Structures are given as C-alpha cells and as structure tokens.
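Asker:
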Amino acid sequence: MLHLLGKNISDGKKVLSALQSFYGIGPHISQRILALLQIHHTARLSDLTDSQVTRISERLGGMTLENDLRRVVQGNIARLRNIGTYRGKRHAMGLPGMRFTCRLPY
Numbered sequence: 006m007l008h009l010l011g012k013n014i015s016d017g018k019k020v021l022s023a024l025q026s027f028y029g030i031g032p033h034i035s036q037r038i039l040a041l042l043q044i045h046h047t048a049r050l051s052d053l054t055d056s057q058v059t060r061i062s063e064r065l066g067g068m069t070l071e072n073d074l075r076r077v078v079q080g081n082i083a084r085l086r087n088i089g090t091y092r093g094k095r096h097a098m099g100l101p102g103m104r105f106t107c108r109l110p111y
C-alpha cells in the first residue's frame, strides 16, 4: 500500500489509474503528469522508485485537489446562487444549468 496525499493506494494499480483516483485529476491531466515526470503510462505503483514517488507527491501537492477543490466548486455555486443568476437558480432547483432542455416525460 502506498500512502499518497492522505490516500492509501494499492501497489498493484497502474500509476495512470492511481492518479485518476484523486478528485480533480482526469485521464488527460494524469497523462500529462506522467509525461512530465518521464514515467511510462503502463508502469505500476510497485515499479516506482522512492524518488519517483516523491516527485509525484510534490507535483500533486502544488495542485488543488480533493476537499480543497470540492470547496472551491461549492463556493462558486453558492456565489452564483447568491447573486441570482440563471445558472444559480437552476443549481438550486437541481436542474441542468446551461444548454440542456428539460423535456417532460409525457
């Protein structure tokens, strides 16, 4: 088990999917991180050296992830609701905010 930024990740996972387990990191960003750190995308966590794990954790430490990112997104939604925008009202009602129509089921 590898402990990375407060998360326990099993050693058998590929590094690409392990990075995607963090909230805020998708496939594109995880591929860019691996390319920047020169780690092959099929490498597993058990294959990484300590210096590579340290470089990954340093790279992730500079990003807004997990609870901090959730807090930012919720703050943005609350701001939209407070100023009374169309998107904020749609969020409050639990409806799609932009470009989507709500078709009635009948």
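Heads up, the sequence shown is in this note's numbering, so the first residue is 6 and it goes up one at a time.
The beta carbon of each residue, even a glycine, is placed where N, CA and C say it ideally should be.
Keep in mind the model is a prediction, meaning the values are calculated, not measured.
Among the residues of its own chain, which have a CB less than 7 Å from the CB of P32, if the five just before and after it don't count?
Answerer: Q25
Asker: DSSP three-state call for R76: helix, strand or coil?
Answerer: helix
Asker: Please determine if the region 52 to 68 and the region 8 to 24 are in contact, where contact requires at least 3 C-beta pairs separated by less than 8 Å.
Answerer: yes
Asker: With distances taken from CA atoms, which of L100, M98 and D16 is nearest L53?
Answerer: The candidate whose alpha carbon is nearest that of L53 is D16.
Asker: For the alpha helix (DSSP H) that K18 lies in, which residues bound it at each end?
Answerer: Run containing K18: none; DSSP gives neither H nor E here.
Asker: Start and end of the beta strand (DSSP E) containing H8?
Answerer: L7 to L9
Asker: Going by the CB atoms, is the gap between L7 and L65 shorter than 8 Å?
Answerer: L65 places its beta carbon 8 Å or farther from that of L7.
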